[in-house]
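Below you'll find the structure, written out as structure tokens, and then a few comments.
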Amino acid sequence: MQPQSFYRAVADDFSAVDEIIKKQLTSRVPLVSKIGDYITSAGGKRLRPLLVLLCGKALGREGDDLRLLAATIEFLHTATLLHDDVVDMSGMRRGRSTANALWGNAPSVLVGDFLYSRSFEMMVELGSMPVMQILSKATRVIAEGEVLQLSRVRDASTTEEVYMDVIRGKTAMLFEASTHSAAALAQASDEQREALRTFGDHLGVAFQLVDDLLDYKGDSETLGKNVGDDLAEGKPTLPLIYTMREGTAEQAALVRQAIQKGGLEDLEQIRIAVEASGALDYTAQMARDYVARAIACLEVLPASEYRDALVELSEFAVARTH
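Residue -14 is where the sequence shown starts when you use the numbering used here, and the numbers rise one by one after that.
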């Protein structure tokens, strides 16, 4: 667990969510439990369930339902990770081997399906139709975002607008669903629900922008994943799109060719080109702008340690190095 105060504000609830996750991972099929436990114990930040807890408590909601919702969100997120790693053929996540690298693609996909199914059982247990509407829509939008990204692999003509559609679907949507569903569960006012929905969207966009930035600034040991993974797969992320649009003809051609062929042969040259073109500064500034807009949305909440923690969490999202 990380020591930031935004975790400390809900420490007891966070521990309770961990217990719910362990309990809900139980299956009569040992391999399901084994893979599920492996990926949920990987030491991720668990920002999405944290958002549920902080938003709910900022609105005065307490109790088991809020914790169950937080665990449900984490199951949805974990399911997407299992599926993403298979689609992307990733071998490393959070500093260790992916489930598909250890057990193969088929078990990973099927355990992802198990986690999706379990999350919907947990939604039913919550008994909130507004929450179910939010989360069922989110699972669809996330899938659409992943398919949209897949359709643009090795497509050097991808625009910034399409890129934003991709990240709003594949990443920001679950942040949005976390904050929006917490507001719905707390039976917040329409104004508060919309503000927290927007807060989650803006924070999720900023989080993914930083992820894509770190793909060219970080190192594998710090990031806990393979640096240059997106480039290797031919994914046109914002730093690359900006370099092709605003860089020199030579920089644009280098990036365009790298996207079209995939692989990491030109990674160091690409890093130099992306830095020189100003793409990293552009991406970082956009992330900061989205976080500022996200924080402004929190003005609808009453002053509390939980609102303060949401502000700090937002600032952390753009200051992080992994």
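Quick reminder that beta carbons are idealized off the backbone N, C-alpha and C, glycines included. For clarity, every value in this text was computed on a predicted model and none was experimentally measured.
Per DSSP, Ser82 forms a beta bridge with which residues?
Met77
How is the alpha helix (DSSP H) around Gln(-11) delimited, first residue to last?
From DSSP, Gln(-11) is part of no alpha helix (DSSP H); its letter is neither H nor E.
On the three-pair Cβ rule with 8 Å, is the stretch 276 to 293 touching the stretch 240 to 258?
no
I need the straight-line Cα distance from Val387 to Leu181, nearest angstrom please.
In the structure as shown, the chain starts at -14 and stops at 307, and residue 387 therefore has no counterpart that could be examined.
Can you tell me the Cα-Cα spacing of Ser113 and His68, whole angstroms?
27 Å
Hey, how far is the Cα of Ala91 from the Cα of Ala64?
13 Å
Quick check for students: name the residue ranges of the alpha helix (DSSP H) that lie wholly in the stretch 245 to 281, counting only runs of 4 or more.
252 to 262
Just to confirm the assignment: which complete beta strand (DSSP E) runs, minimum length 3, are found wholly within the stretch 104 to 142?
none
Smallest Cα separation from Ser(-10): which of Leu135, Asp293, Val2?
Asp293
Neighbourhood of Glu161 by C-beta, 7 Å cutoff - its chain only, sequence neighbours within 5 removed:
Arg182, Gly185, Asp186, Gly189
Do Gly248 and Ala217 have their C-beta atoms within less than 8 Å of each other?
yes
Nearest-angstrom Cβ-Cβ length linking Ile127 and Gly89, presumed shorter than 8 Å
About 23 Å separates the two Cβ atoms, so there is no contact after all.
Among Asp70, Leu95, Asp50, which residue has its Cα nearest to the Cα of Thr83?
Asp70
For Gly28, count the other beta carbons within 10 Å of its own beta carbon; 16 or more makes it buried, fewer makes it exposed. Which is it?
exposed
Among the residues of its own chain, which have a CB less than 8 Å from the CB of Phe60, if the five just before and after it don't count?
Ile6, Gln9, Leu100, Tyr101, Arg103, Ser104, Met107
Inter-residue Cα distance where the pair is Gln(-13) and Ala55
Legend: pLDDT at Gln(-13) = 48, less than 50; position of this residue unreliable, value from coordinates given subsequently. Approximately 18 Å between the Cα atoms of the pair.
Measure the C-alpha to C-alpha separation of Ala261 and Tyr(-8) and round it to an integer number of angstroms.
37 Å
If you draw a straight line from the C-alpha of Thr25 to the C-alpha of Leu159, how long is it?
17 Å
Enclosing alpha helix (DSSP H) for Arg182 [first to last residue]:
175 to 202
Identify whether Glu47 lies in helix, strand or coil by the three-state DSSP scheme.
coil
Do Arg52 and Asp(-2) have their beta-carbon atoms positioned less than 8 Å apart in this structure?
yes
With C-beta atoms as the reference, is Gly213 less than 8 Å away from Gln245?
no
Might you give, ordered along the chain, the residues of its own chain that have their beta carbon closer than 8 Å to the beta carbon of Ser12, omitting 5 neighbours on each side?
Ser18, Gly21, Phe99
How close, in whole Å, do the beta carbons of Ala234 and Gly41 come, if the pair is a contact with beta carbons under 8 Å?
At roughly 52 Å, the Cβ-Cβ gap does not stay under 8 Å, so Ala234 and Gly41 are not in contact.
Should Leu208 go down as buried or exposed, given a rule of 16 or more other Cβ atoms within 10 Å for buried?
Low per-residue confidence applies at Leu208: pLDDT is 47, beneath 50, and the placement is therefore not dependable, though the value from the model is reported in the following sentence. Answer is buried; the Cβ neighbour count reaches 16.
Between which two residues does the alpha helix (DSSP H) holding Ser163 run?
158 to 170
Excluding sequence positions up to five away, which residues of its chain have a Cβ less than 7 Å from the Cβ of Ser163?
Arg33, Leu36, Val37, Ile58, Gly185
Pro15 burial status per 10 Å Cβ neighbour count (16 or more: buried)
exposed
What's the C-alpha gap between Arg241 and Val147?
16 Å
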